[in-house]
Amino acid sequence: MSRPRSVTNIWPGIVSIAALAMAGCAAGPVGSGAAAGLPPADPGVLHGRTYTAQTIIEKGRPRAFVAGTSIELRFPGDGRLVANAGCNTISGAVATGGGKLGLTDMAITEMGCQPEQHDQDQRLSAFLGSRPSWRLDGETLILSSADTTLVLTRAKAAPLVGTAWRTDTLILGDVAGATPAGVDATLVFGRDQVTVSGLCNLRAVRYRTTPATIAFELDPLSHNTCAPEIMRVEQVAVGLFDGRADYRIDHRTLTISKGDKGLLLVAQG
Amino acid sequence: MRGPVVLPDAASHSSPDAVDQPSTGSGGIADVWTTWNWINGYPSDHDYGLIKLICDIGYSTGWLGWWYDTGENLVNQYFYVEGYPGDKPFGTMWWDGDYTYSQTANKLWYWTDTAGGQSGSPVYHYNSVTPGLCGGWCVTGIHTNGVAGTNPANSGTRFRPDVMSFINYWIAQP
Chain A
1 MSRPRSVTNI WPGIVSIAAL AMAGCAAGPV GSGAAAGLPP ADPGVLHGRT YTAQTIIEKG
61 RPRAFVAGTS IELRFPGDGR LVANAGCNTI SGAVATGGGK LGLTDMAITE MGCQPEQHDQ
121 DQRLSAFLGS RPSWRLDGET LILSSADTTL VLTRAKAAPL VGTAWRTDTL ILGDVAGATP
181 AGVDATLVFG RDQVTVSGLC NLRAVRYRTT PATIAFELDP LSHNTCAPEI MRVEQVAVGL
241 FDGRADYRID HRTLTISKGD KGLLLVAQG
Chain R
1001 MRGPVVLPDA ASHSSPDAVD QPSTGSGGIA DVWTTWNWIN GYPSDHDYGL IKLICDIGYS
1061 TGWLGWWYDT GENLVNQYFY VEGYPGDKPF GTMWWDGDYT YSQTANKLWY WTDTAGGQSG
1121 SPVYHYNSVT PGLCGGWCVT GIHTNGVAGT NPANSGTRFR PDVMSFINYW IAQP
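Read top to bottom, the protein sequences are chains A and R.
Every letter in the first sequence is one number past the one before it in this note's numbering, and letter 96, counting from 1, is 96.
If you want this note's numbering, it's the position in the second sequence, counting the first as 1, plus 1000.
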């Protein structure tokens, strides 16, 4: 949130750069907070987890989320919390000791969105900045401040097999770019074969998995030429699908990588 | 990101009450790139990206210069941020100027007013702070963040070697 605008001037013109979320605390009623029970046994248990909010209670009354939005808290495991309420991203270093969730070096992006989404962003930012208490009740994470309680459920990772994974981002070394407009490529992992749609020559590839890798067996491909943007994505995909590649599923995101190239795909449906 | 169109000087396109300006056209998007560091966890230091257009719209609209000097002190300098704040009438471009508050090697904090919708706006200054690197209106940062938690000021990503290498690489691509 910015300071109240005091001196602002309209200057019609162009700016040419666009460069642009313990085990075993006793279960209690929602809203009791950690103060009503023991502090979490292992503050580090949140690391590596993602939680999505189900309910927010303000001054004893449930508050509806903005239509079409949800609140997600990610604890990536690097000592930070990344939160999103449907528009902007809130991040900061997180400390979870003493049953309190403390955020320092908080930052919130300033993308434009509907006013009600901005309001939801600001409410979440203020809540997370209020050093709420936290506790776990099984797969439920409960954050509580003086007048607000946020109830979240641990997000389950989408299954590799059976999910329609749509290409979203190309990873080329240290940079990452959106899948070009006009490319709508999808992977569906069957029992032992990946079915590919939306590319040019790559239609199917056999595979086997280990906990962290996928061994692809790619048969010779046809040599059709399609739109350059499709060929660009296919070139990356073929490189990944020739032999063994690393993979990781984070909630609804699948990352397949080999060396410095990779594809980030998002679960559909 | 699928199907957006870049609309420079949006006021002249979308707001009948805005200052009358000739349309400068709009640009389709050829590429959208950011850093893997940003995608992989959203660290604020790596909050920058690039949209490459399919047209040379700068010849119609003009452009700003840029500079960086990793050794310079930018604190207590008067900087401007200009963009499309969401708390103003839709599609109208505004600027504000104020002093900078603090800096790190990767970020700059400033008292300049901003609002949601201004992520990606230039953080600029008249002439480079380090003399001789850039003349006229020159950019040395990209606005990224508003006030949150105990952090009192708005902030942006500073231009630096890795940021400019990233930008220049993609500019050079066909």
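Every residue, glycine too, gets a C-beta built ideally from N, C-alpha and C.
Delimiting residues of the alpha helix (DSSP H) encompassing residue i
i: ARG208 (chain A); result: Note, ARG208 (chain A): premise wrong, no alpha helix (DSSP H); beta strand (DSSP E) at 204-209.
i: GLY1058 (chain R); result: 1058-1061
i: ARG123 (chain A); result: 115-128
i: GLU234 (chain A); result: 228-240
i: ALA1172 (chain R); result: 1161-1172
i: ILE1039 (chain R); result: 1036-1039
Close-in-space but distant-in-sequence residues of the same chain around residue i (CB under 6 Å, 5 per side omitted)
i: VAL1139 (chain R); result: LEU1064, TRP1066, PRO1122, TYR1124
i: GLY33 (chain A); result: Because the pLDDT at GLY33 (chain A) is just 36, under 50, the model does not fix this residue reliably, and the value given afterwards should be weighed accordingly. If we look at GLY33 (chain A) and ignore the five residues flanking it on each side, its Cβ neighbours are SER133, SER144.
i: LEU1133 (chain R); result: TRP1067
i: TRP1095 (chain R); result: TYR1080, GLU1082
i: ILE214 (chain A); result: TYR207, ALA245, TYR247
i: ILE108 (chain A); result: ASN88, ILE90, SER125
i: LEU170 (chain A); result: GLY177, VAL236
i: THR1130 (chain R); result: ASP1069, GLU1072
i: SER222 (chain A); result: ASN201
i: ALA53 (chain A); result: ILE71, LEU150, LEU152
i: GLY173 (chain A); result: ASP260
i: LEU254 (chain A); result: TRP165, LEU265
i: ASP105 (chain A); result: GLY92, ALA93
i: CYS113 (chain A); result: CYS87
Spatial neighbours of residue i in its chain, beta-carbon cut-off 7 Å, leaving aside the 5 residues before and after
i: THR55 (chain A); result: PRO62, VAL151
i: HIS47 (chain A); result: PHE75, GLY77
i: THR195 (chain A); result: VAL188, ALA204
i: ILE1167 (chain R); result: LEU1050
i: HIS1046 (chain R); result: THR1035, ASN1037, TRP1038
i: GLY198 (chain A); result: VAL183, ASP184, ALA185, THR186
i: ALA1153 (chain R); result: TYR1101, TRP1109, TYR1110, TRP1111, VAL1147
i: GLY1141 (chain R); result: LEU1108, VAL1123, GLY1156, THR1157, ARG1158, PHE1159
i: VAL7 (chain A); result: Only weak support exists for where VAL7 (chain A) lies, its pLDDT of 32 falling under 50; the value from the coordinates is given anyway. Hits under 7 Å: none found.
Residue span of the beta strand (DSSP E) that contains residue i, given as start and end
i: VAL161 (chain A); result: Here VAL161 (chain A) belongs to no beta strand (DSSP E), and DSSP marks it neither H nor E.
i: ALA107 (chain A); result: 102-109
i: ALA85 (chain A); result: Unbroken run through ALA85 (chain A): none, as it is neither H nor E.
i: TRP134 (chain A); result: 133-137
i: PHE263 (chain A); result: The residue asked about is misnamed: residue 263 (chain A) is Leu in this sequence, not Phe. Per DSSP, LEU263 (chain A) belongs to the beta strand (DSSP E) from 261-267.
i: ASN1154 (chain R); result: 1154-1158
i: ASP147 (chain A); result: No beta strand (DSSP E) holds ASP147 (chain A); DSSP gives it neither H nor E.
i: GLY177 (chain A); result: 175-178
i: VAL188 (chain A); result: 186-189
i: ALA275 (chain A); result: A query on residue 275 (chain A) cannot be resolved here, the shown segment of chain A reaching from 1 to 269 and no further.
i: SER222 (chain A); result: Segment: none, SER222 (chain A) is in no beta strand (DSSP E) and carries neither H nor E.
i: VAL194 (chain A); result: 193-197
i: THR253 (chain A); result: 253-258
i: GLY1049 (chain R); result: 1049-1053
Same chain only: Cβ atoms within 8 Å of residue i, ignoring 5 sequence neighbours per side
i: ASN1127 (chain R); result: CYS1134, GLY1135, GLY1136, CYS1138
i: ARG191 (chain A); result: VAL161
i: VAL30 (chain A); result: Because the pLDDT of VAL30 (chain A) is 33, which lies under 50, any placement of that residue in the model is unreliable, and the number read from its coordinates should be weighed accordingly. Contacts found: THR55, ILE57, ILE142, THR149, VAL151.
i: SER1165 (chain R); result: none
i: ASP1098 (chain R); result: TYR1078, PHE1079, TYR1110, TRP1111, THR1112, ASP1113
i: PRO1161 (chain R); result: TYR1068, THR1070
Cβ pair residue i, residue j closer than 8 Å
i: THR1114 (chain R); j: GLY1146 (chain R); result: yes
i: GLN235 (chain A); j: ARG166 (chain A); result: no
i: TYR51 (chain A); j: THR149 (chain A); result: no
i: GLY1149 (chain R); j: GLY259 (chain A); result: no
i: VAL233 (chain A); j: PRO180 (chain A); result: yes
i: GLY1116 (chain R); j: HIS251 (chain A); result: no
i: ILE71 (chain A); j: ALA157 (chain A); result: no
i: LEU264 (chain A); j: PHE241 (chain A); result: no
i: LEU136 (chain A); j: ALA83 (chain A); result: no
i: VAL66 (chain A); j: ARG80 (chain A); result: no
3-residue-minimum beta strand (DSSP E) runs that sit fully inside the stretch 38-77 of chain A, ordered along the chain
49-58, 72-75
Mind listing which residues of the stretch 1074-1088 of chain R have their C-beta closer than 9 Å to chain A's C-betas, in chain order?
GLU1082, GLY1083, TYR1084, PRO1085, GLY1086, ASP1087, LYS1088
Ignoring anything shorter than 4 residues, give me the alpha helix (DSSP H) runs that lie fully in the stretch 1113-1137 of chain R, in order along the chain.
none
List in chain order: all unbroken alpha helix (DSSP H) runs of 4+ residues lying wholly within the stretch 1071-1107 of chain R.
none
Compile a chain-ordered list of the residues in the stretch 1127-1146 of chain R whose CB is closer than 8 Å to at least one CB of chain A.
VAL1139, ILE1142, HIS1143, THR1144, ASN1145, GLY1146
Chain A contacts from the stretch 1022-1051 of chain R (Cβ-Cβ distance under 9 Å)
THR1024, GLY1028, ILE1029, ALA1030, ASP1031, VAL1032, TRP1033, THR1034, THR1035, TRP1036, ASN1037, TRP1038, ILE1039, ASN1040, GLY1041, TYR1042, PRO1043, SER1044, ASP1047, TYR1048, GLY1049, LEU1050, ILE1051
Closer than 8 Å, Cβ to Cβ, to anything on chain R: give me those residues from the stretch 82-100 of chain A, in chain order.
VAL82, CYS87, ASN88, THR89, ILE90, SER91, GLY92
Using Cβ-Cβ distances below 8 Å, what residues of the stretch 1103-1121 of chain R are close to chain A?
TRP1111, ASP1113, THR1114, ALA1115, GLY1116, GLY1117, GLN1118, SER1119, GLY1120, SER1121
Short-range partners of chain R found in the stretch 154-174 of chain A, where Cβ spacing is below 8 Å
THR169, ILE171, GLY173, ASP174
Could you list the residues in the stretch 99-113 of chain A with a C-beta less than 9 Å from some C-beta on chain R, going in chain order?
LEU103, THR104, ASP105, MET106, ALA107, ILE108, THR109, GLU110, MET111, GLY112, CYS113
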